[in-house]
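Take the sequence shown: its letter number 429 is residue 461 in our numbering, and every next letter is one higher.
Here a beta-carbon is modelled for each residue, glycine too, at the ideal position from N, C-alpha and C.
Since the structure comes first, as structure tokens, the remarks are kept for the end.
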Amino acid sequence: MKKLNQNLLAGSAVVIAALLVIGALTLVELSSLVTLGLVFALSSLVIFAFALINRPKFAVYALVFAIVSGQILRLRLTEEAAGSILFLDIAMGGYVVLGLVAAALNRQPLPRSLSLIFLLAFGLWIPIGLTVNSGLLLPRELLVALAYFVRFGFLALTLFVTAWLAQKKETQIWLLRLLLGGALTLLAIGIAQRIFVPDIRFLTRFGWDPHVNRLLSTFLDPNFFGMFLVMLYALALAGVMSVKGKAQLWLTILATVTALAVVATLSRSSYLAVAIATFVVLFFKSWRLMTVALIGVVMMVSLVPNVRDRVVGAFSVDTTSLARIQSWQETIEIGNTNPLVGVGYNAFGAAKIRLGFLDDLTSQSAQGGDSSLLLVYATTGVIGLLIYLAFWLSIFLESYSLWRTANEPVWQMVGLGIMAIIPAYLVHSNFVNGLFYPHLFIPFALLAGVVIGKANAGRQAKEIFELKNPDQA
């Protein structure tokens, strides 16, 4: 029976994939190159589906590998930024589908979490904005917006599936180890890239910025990769404050190397994020160490010329700053056209063109602004923004609860680490549109999902104890 279910599931995945591709081919005119690309994608999906069915854990490995692959593994279907399929998109889909099936077959109870409720509410609010604005969108623009909505749905389900699966202790620890391995691999690739391929101006013809002498790894963007490093740094620093012995020594080395890697990105937004993460960890653990850290930052700014130039530049209005300010102003202006429900998620690029802020959608950042939170306001309105902020606040409070109640150092590390990541991530996202960036949100979702799963496992254990011992309850 189990084998039959596996074959039925694999067959269903193949049929659905085939129908999607056939439907796409009938809806739009495609060049032979694009058609070939879709055939290749379908073939890959078929192989991927059978691999996932026979080895369910392969979905998790594939997801982490896809994060490590960054922007390298992608299939470009059109000249528009929205016309690319990342391997991460396929891996995320496989993880979500297989995770839902595995959790359902194992009859695991649904995870209970306020953050998941707010995330669901935000997901339900998005179609309302799209419906209100559908009359202003061309069929192609509406299709792009719906594609982004589907991607958001899978991003949200990544958190839900992880929380559902991570109610088992062995799954929690396994996921944490796998995430750490992926993060260390990305860090190593980044260091190698900075040494051997410091100049990526040859990628400008593909729409990437001409970065020189900046650490960016496979993300091909120092700002996004800088925030990824801040996540790793926050966990390592929280670990230094939580564990003892050899583990503390290794985590100290990791935190130091990661902090230096952040410096090598020359990303001012990442500098600010790492400062915020450090402040949060030390605020909850040690004011004395906070003073030492402040002295270290002052020394680094004083002694490292590149860092000094970037920090000084943060207080001056240069070309980059002017462009960012202009982006903020444009995003606010777009949001003000419909402040209650926004222009529709993610019909931001269409709104830019409609208001004369953009000529076409070929840029990698055409569908976004420089601030994620302002983008949420512009596309989902004030109501959507409040729901979305409530989601982040809920995760912070759940992580705080884990940190305060956990007896094991590893969970104190995870709880405190996520508490440091959230404000750093939110502030960073006001300079770089990173809250919906899959290579940042998915690692965060895996971490947060483990926290939610851990909380649910503890709650279930308590309920079982009370049922078995009614007199002691």
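Item	Value
Counted within 10 angstroms of its Cβ, other Cβ atoms place Leu-59 as buried (16 or more) or exposed	For Leu-59, the predicted structure reports a pLDDT of 40, less than 50, and the residue's modelled location is therefore unreliable. A value from the coordinates is still provided. Exposed.
Continuous beta strand (DSSP E) stretch holding Leu-118: start and end	116 to 118
Under 9 Å between C-beta atoms of Leu-509 and Gln-103	Residue 509 lies beyond the range of the chain shown here (33 to 505); nothing can be said about it.
Cβ shell of Tyr-180 (< 6 Å), same chain only, five flanking positions each side left out	Asn-378
Three-way DSSP call (helix, strand, coil) for Arg-106 in this model	strand
Status (buried if at least 16 other CB within 10 Å, exposed otherwise) for Ser-64	Its pLDDT being 44, under 50, Ser-64 is placed unreliably in this model, and the coordinates cannot settle the point.
Buried versus exposed, by CB contacts within 10 Å (16 or more), Trp-424	buried
Classification of Trp-319 by the beta-carbon crowding that lies within 10 angstroms, buried from 16 upward	exposed
Thr-351 classed as buried or exposed, judged by whether at least 16 other C-beta atoms fall within 10 angstroms	exposed
Cβ contact check for the segment 215 to 226 and the segment 240 to 258: 3 or more pairs under 8 Å	yes
Among Leu-137, Ser-145 and Ala-91, the one whose alpha carbon lies nearest that of Ala-489	Ser-145
Residues of its chain near Ile-232, where Cβ-Cβ distance is below 6 Å and the 5 sequence neighbours each way are ignored	His-243
Cβ pair count under 8 Å reaching 3, the segment 291 to 303 against the segment 433 to 451	no
Own chain residues within Cβ distance below 8 Å of Glu-173, not counting five before or after	Ala-379, Gly-381 and Ala-382
Asp-231, DSSP secondary structure in three states	strand
Cα-Cα separation, Leu-372 to Ile-308	31 Å
Val-244 (DSSP reduced to helix, strand or coil)	strand
Cα-Cα separation, Gly-185 to Gly-376	15 Å
Rounded Cβ spacing between Leu-407 and Asn-368 (contact assumed at less than 8 Å)	About 14 Å; that fails the 8 Å criterion.
Opening and closing residue of the alpha helix (DSSP H) in which Asn-165 lies	146 to 165
Simplified DSSP state of Leu-467, which is helix, strand or coil	coil
Cβ-based burial, Thr-411 [other Cβ within 10 Å; buried from 16]	buried
Where Leu-298 falls: helix, strand or coil (DSSP)	coil
Same chain, Cβ closer than 7 Å to Arg-226, five either side skipped, listed in chain order	Leu-247 and Ala-296
Selection from Ile-99, Ala-98, Trp-157 and Leu-132 that minimises the alpha carbon distance to Leu-417	Trp-157
Three-pair Cβ contact test at 8 Å for the segment 256 to 275 versus the segment 311 to 330	yes
When Leu-479, Ala-266 and Ala-487 are compared against Thr-288, the one with the closest alpha-carbon	Ala-266
Identity of the residue in Ile-427, Pro-171 and Gly-449 nearest Ser-147 by Cα	Ile-427
DSSP-derived helix/strand/coil call for Tyr-377	coil
Residues of its chain near Trp-435, where Cβ-Cβ distance is below 7 Å and the 5 sequence neighbours each way are ignored	Gln-444, Gly-447, Leu-448 and Met-451
Assumed close pair Ala-198, Lys-486 - CB separation to whole angstroms, cut-off 8 Å	7 Å
Thr-163 classed as buried or exposed, judged by whether at least 16 other C-beta atoms fall within 10 angstroms	exposed
Thr-236, buried or exposed, once every other Cβ within 10 Å from all chains shown has been counted against 16	exposed
C-alpha distance - Val-53 paired with Ile-149, whole-angstrom precision	Note that Val-53 has pLDDT 45, beneath the 50 cutoff, so the model's placement of it is unreliable and no number is given.
Host alpha helix (DSSP H) of Pro-143 (start-end)	From DSSP, Pro-143 is part of no alpha helix (DSSP H); its letter is neither H nor E.
Contact belief for Ala-135 with Val-92 at Cβ below 8 Å, rounded distance in angstroms	No, Ala-135 and Val-92 are not in contact; Cβ-Cβ is about 13 Å, not under 8 Å.
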